[in-house]
Amino acid sequence: MTCCSVAYHGPALKSLTALMPESIIVRAGSNDISDPLLFPLLDAMANEIREKRMGSATMLTRLADLVVGRIIRSWAETAPAYSNGWLAALNDRRLSKALIAMHKNPGDDWSAQTLARQSGMSKSAFYERFTATVGQTPSKYLAMLRMSAAIEILRSGKTNINTLAFKVGYKSEASFSRAFKRLVGHAPGAARRKGMPEELQ
Numbered sequence: 004m005t006c007c008s009v010a011y012h013g014p015a016l017k018s019l020t021a022l023m024p025e026s027i028i029v030r031a032g033s034n035d036i037s038d039p040l041l042f043p044l045l046d047a048m049a050n051e052i053r054e055k056r057m058g059s060a061t062m063l064t065r066l067a068d069l070v071v072g073r074i075i076r077s078w079a080e081t082a083p084a085y086s087n088g089w090l091a092a093l094n095d096r097r098l099s100k101a102l103i104a105m106h107k108n109p110g111d112d113w114s115a116q117t118l119a120r121q122s123g124m125s126k127s128a129f130y131e132r133f134t135a136t137v138g139q140t141p142s143k144y145l146a147m148l149r150m151s152a153a154i155e156i157l158r159s160g161k162t163n164i165n166t167l168a169f170k171v172g173y174k175s176e177a178s179f180s181r182a183f184k185r186l187v188g189h190a191p192g193a194a195r196r197k198g199m200p201e202e203l204q
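So the number in this note's numbering is just where the residue sits in the sequence shown, counting from 1, plus 3.
Quick look at the structure:
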């Protein structure tokens, strides 16, 4: 038996974990979770435990990350179809292109028009399809995504608020601070002092 615990900070994975079941069962030889590398990775973990060589703790941590990541990815790829929500959009051939682009570069100057272009759709068709599928408008989704990125950067404590504002796509510290307070509940500076919230409202 292989056991590990995984913790994540901030709301970046909330949209995915909210959809996940209480448990994901993986059985050898099962087609439910199809990943040919999963069991070799577990064997590699077992070898690290047995051999106790230099750097074993680091190796085990990285291997555990891979195992958990591959299980979650396999589940997402084989999960029952969702008619709406984040996963439904990710499985939508067109919407997924815009979703991936936003997640890759949340600080870019995205508009409904540029996102529609990413998806190969007209602006009105994209806006309607995205909102109906995700349950949020593209601008609302992007704002929450930017706040997620901002929270992660604030937690690291390595960036001042002004630099952070531009990094996550705001044209001024004031506009960023207003958006942050509206979505998170308090100003960025106060959030840094109090500690980061685990979820956005």
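Where a beta carbon is used, it is the ideal one built from N, C-alpha and C, also for glycine.
Where residue 122 is concerned, the enclosing alpha helix (DSSP H) starts and stops at 115 to 122. Taking C-alpha positions only, residue 166 is separated from residue 175 by approximately 9 Å. A Cβ-Cβ separation of about 5 Å places residue 115 in contact with residue 126 under the 8 Å criterion. Annotation: the continuous alpha helix (DSSP H) that includes residue 106 extends over 98 to 107.
Straight-line spacing of the CA atoms in residue 41 and residue 21 works out to 24 Å. Annotation for residue 149: 109, 171 and 172 place their beta carbon closer than 6 Å to its own, counting only its chain and skipping 5 residues before and after. Here residue 39 carries a coil assignment [DSSP, helix/strand/coil]. Contact between residue 192 and residue 138 is absent: CB atoms are separated by about 31 Å, not below the 8 Å threshold. DSSP places residue 68 inside the alpha helix (DSSP H), whose first and last residues are 59 to 81. Look at residue 192 here: in three-state DSSP terms it is helix. Taking the Cβ atoms as the reference, residue 79 lies roughly 16 Å from residue 136, outside the contact range of under 8 Å.
Annotation for residue 106: 148 place their beta carbon closer than 8 Å to its own, counting only its chain and skipping 5 residues before and after. Residue 186 is a Cβ neighbour of residue 146, given a cutoff of 9 Å. Ranked by how close their Cα comes to the Cα of residue 9, the residues 68, 62 and 129 have 68 in first place. Here residue 27 is exposed, its C-beta having fewer than 16 other C-beta atoms within 10 Å. Across the structure, residue 39 and residue 179 are spaced so that their CA atoms are roughly 45 Å apart. DSSP places residue 164 in the uninterrupted alpha helix (DSSP H) bounded by 164 to 170.
Following the DSSP letters along the chain, one finds residue 156 inside the alpha helix (DSSP H) bounded by residues 141 to 159. Per DSSP, reduced to three states, the secondary structure at residue 174 is coil, with no helix or strand assignment.
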